[in-house]
Amino acid sequence: MEDDPGVEAELGQVGRALYGSFPQRSRNPVKALDARAMELASQDAELRAALFRFVDVTPACRSLDDLARHLSGYLSEVDEKPPSLEVAMRMAGTKPGRAALGVAAAGGVRHMAHRFIVGESPRKALPVLRELWEDGAASSVDLLGEATVTEAEADRYAARCAEALDTIAEAAPRWPERPQLEADSLGPLPRANLSVKVSALTPHIRPDAPALGREDASRRMRPLLRKARDLGAHLHIDMESLDALETTMELIFELLDEDEFREGPSAGLVLQAYLRESPNQLDSILAWARETPRTPPLVVRLVKGAYWDHEIVEARQHGWEAPVFEVKAECDRNYEELTRRLLDARPAVRVAVASHNLRSISHAIAYNRYSGAEDRDVELQVLRGLGDELGHALAAQGFRVRVYCPVGDLVAGMAYLVRRLLENTSNESFLHEQAMGVPLEELLAAP
Ligand SMILES: Cc1cc2nc3c(=O)[nH]c(=O)nc-3n(C[C@H](O)[C@H](O)[C@H](O)COP(=O)(O)OP(=O)(O)OC[C@H]3O[C@@H](n4cnc5c(N)ncnc54)[C@H](O)[C@@H]3O)c2cc1C
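Here the sequence shown is numbered in the working numbering, starting from 19 and rising by one per residue.
Below is the structure:
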């Protein structure tokens, strides 16, 4: 179905209604991060790099003194320091000063991490998952700790995933009824939902030898699929950087093709709209879904992609053409095009639109309505800590929302945290524009 002025009009209404229900504070999510450092980082690339290196090294610091030395070391590389950081540097000159600075810095990092990470273990995360559910939002748990380098780490990750499925599936039946989260027009939706990363299930992901990683990951993924099927849970396979894409896609298609998984579990994959190749990837996904009908259908989560900086640097280092769009508006236009194609492809797939961009989300809702479907026939997904207010606004208006909930300790969560901070302080990020007070009509304008 072609896009239509009717979709733009509906989109405007949806976007304004959602925005109107954000609390005033959340219209400025960078400030709401409660960290002056984050605002400064948005404005100064050198400072931004220094702060991210600091956040990255925090879990490895053995003492507050050590932490303060690292902080002042990184900050000393910044040429023009704002006054608050000059004070921090002066404090680092004495032992008591370093102790105080260390306490403040450790507290700051922990505070930021807790915005994004719901608990140290699935069991400790249960109260948050239940609270979300009671407030009208489903969840997907993600166990932090990416990119394993040994077989033992991969085994350990698989065991943690199995344990997480057991823990969530055991608790979820006790949650109260929430009809808007439990079914769409195609049938029932599992309450328990786990997102997994292929790079954590095998140390052998190599783009030049995809079969090796695929086979190794399969033997750990198969028992997880069986467990999810037996527990009635959903298993979602996240997408990572481009070097893992072929392994991930083929692994999913091969496993879900096996007879024992034809009728479950509910499973899904991710399509990244920042990739220039993503329209062709969607062709392959839809061809596979139509040739391999499943009950329940494959869920496709549409995202823009979290590894943009990595893909650009990698391509430059090798002298390749960037595999990702380099103009943000092109990525956003492609996202909308893929949204429409996915929604038109139902019932071959179920669609989950994952974004914190009010325009992208409102477009999906408007196009879904325009195509005659019910609101519950598109899932809207946000990340814990970044999309909380949007998630609340969507849930309050009766949309089907899922919150992606990272679980793990600070050390395991660091790579995740740095990625979220990079995204949140990028000048082209929607949340950054929203925080800078860009008027609503501009935020909702077609890319
Ligand atoms: C529930 C959920 C699950 C997710 N799962 C995954 C996953 O499995 N794999 C994954 O990779 N990501 C995942 N993400 C992250 C996602 O890919 C985005 O990084 C994030 O949501 C920011 O996009 P946005 O639409 O919210 O915001 P926006 O601010 O509208 O978009 C930011 C995004 O635009 C792109 N971009 C930025 N600058 C440029 C540029 N100059 N040119 C072209 N494109 C640019 C990047 O992808 C960047 O992340 C997930 C997000 C959510 C909400």
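All residues carry an ideal CB built from backbone N, CA and C; glycine is no exception.
Treat the numbers as computed from the prediction; the structure is a model and nothing was measured.
Cβ shell of Asp84 (< 8 angstroms), same chain only, five flanking positions each side left out:
Gly120
Looking at the secondary structure, which residues open and close the alpha helix (DSSP H) in which Pro241 lies?
228–249
Contact set for Pro365: own chain, Cβ-Cβ below 7 angstroms, skip 5 residues either direction
Leu204, Pro315
Nearest candidate by alpha-carbon position, reference Asp153, set Val436, Ala172, Ala68, Asp406:
Asp406
Does DSSP classify Ile255 as helix, strand or coil?
strand
Touching or not, the stretch 377–394 and the stretch 292–306, by the rule of three or more beta carbon pairs under 8 angstroms?
no
Length-filtered (4 minimum) alpha helix (DSSP H) runs lying within the stretch 340–423:
346–362, 376–388, 406–414
Alpha carbon to alpha carbon, what distance is there between Glu169 and Arg1?
This structure cannot settle anything about residue 1, because the visible part of the chain is limited to 19 through 465.
I'd like to confirm the pairing. Which residues does DSSP put opposite Arg319 in its beta bridges?
Val288, Ala370
Looking at the strands, I want to know which residues DSSP matches up with Asp83.
Paired residue(s): none; Asp83 is not in a bridge.
For Ala110 versus Ser81, is the C-beta spacing smaller than 9 angstroms?
no
Whole-angstrom distance between Tyr92 and Ala201, CA atom to CA atom
51 angstroms
Spatial neighbours of Tyr325 within its chain, please: CB distance less than 6 angstroms, with the 5 preceding and 5 following residues excluded, ordered by chain position.
Ser259
Gly455 in three-state terms, based on DSSP
coil
Among Phe271, Glu264, Gly250, Pro297, the one whose alpha carbon lies nearest that of Pro283
Gly250
Please give the ranges of any alpha helix (DSSP H) in the stretch 143–230, keeping only runs that are unbroken, at least 4 residues long and fully inside the region.
169–189, 197–200, 216–219
Report all residues from its chain with a CB closer than 8 angstroms to the CB of Leu51; omit the five preceding and five following residues, and keep chain order.
Any reading at Leu51 needs caution, since the residue's pLDDT is 38, under 50, leaving its predicted position unreliable; the model's value is listed next. These residues qualify, in order along the chain: Met130, Arg133, Asn442.
Using 10 angstroms around the beta-carbon of His374, count the other beta-carbons present and answer buried if the total reaches 16, otherwise exposed.
buried
Ends of the alpha helix (DSSP H) at Glu95?
No alpha helix (DSSP H) holds Glu95; DSSP gives it neither H nor E.
For Ala53, which residues from the same chain have a beta carbon less than 7 angstroms from its beta carbon, with the 5 sequence-adjacent residues on both sides left out?
At Ala53, the pLDDT of 49 sits below 50, so the modelled position is not reliable and the matter cannot be decided from this model.
What does DSSP give as the partner residues of Val331 in its beta bridges?
Partner(s): none; Val331 has no beta bridge.
Using 8 angstroms as the threshold, is the stretch 320–336 in touch with the stretch 266–278, meaning 3 or more CB pairs across them?
no
So what's Gly126 in DSSP terms, helix, strand or just coil?
helix
Output needed for Gln262: all residues of its chain with C-beta closer than 7 angstroms, excluding positions within five of it in sequence on either side, in chain order.
It should be noted that the sequence gives Ala, not Gln, for residue 262. Excluding sequence neighbours, Ala262 sits near Val216, Ser217, Ile223.
Cut-off 8 angstroms between Cβ atoms - residues of its own chain near Arg34, not counting five sequence neighbours on either side
Leu458, Leu462
As assigned by DSSP and simplified to three states, the class of Asn445
coil
Between Asp427 and Glu138, which are expected to be in contact by the criterion C-beta below 8 angstroms, what is the C-beta distance as a whole number of angstroms?
5 angstroms
What first and last residue would you give for the alpha helix (DSSP H) that runs through Phe279?
Neither: Phe279 is in no alpha helix (DSSP H) and is coded neither H nor E.
Endpoints, the alpha helix (DSSP H) within which Met136 is located
Looking at the sequence provided, one finds Val at residue 136 rather than Met. No alpha helix (DSSP H) contains Val136, which DSSP labels as neither H nor E.
If we count Cβ pairs, one from each stretch, closer than 8 angstroms, do we get three or more for the stretch 147–162 versus the stretch 409–420?
yes
Less than 9 angstroms between the C-beta atoms of Leu183 and Pro424, yes or no?
no
For Leu274, name the three-state secondary structure that DSSP assigns.
helix
Would the C-beta of Asp256 count as close to ligand 1, meaning under 8 angstroms from any of its heavy atoms?
yes
Outcome for Met257 when other beta-carbon atoms lying within 10 angstroms are tallied against a minimum of 16:
buried
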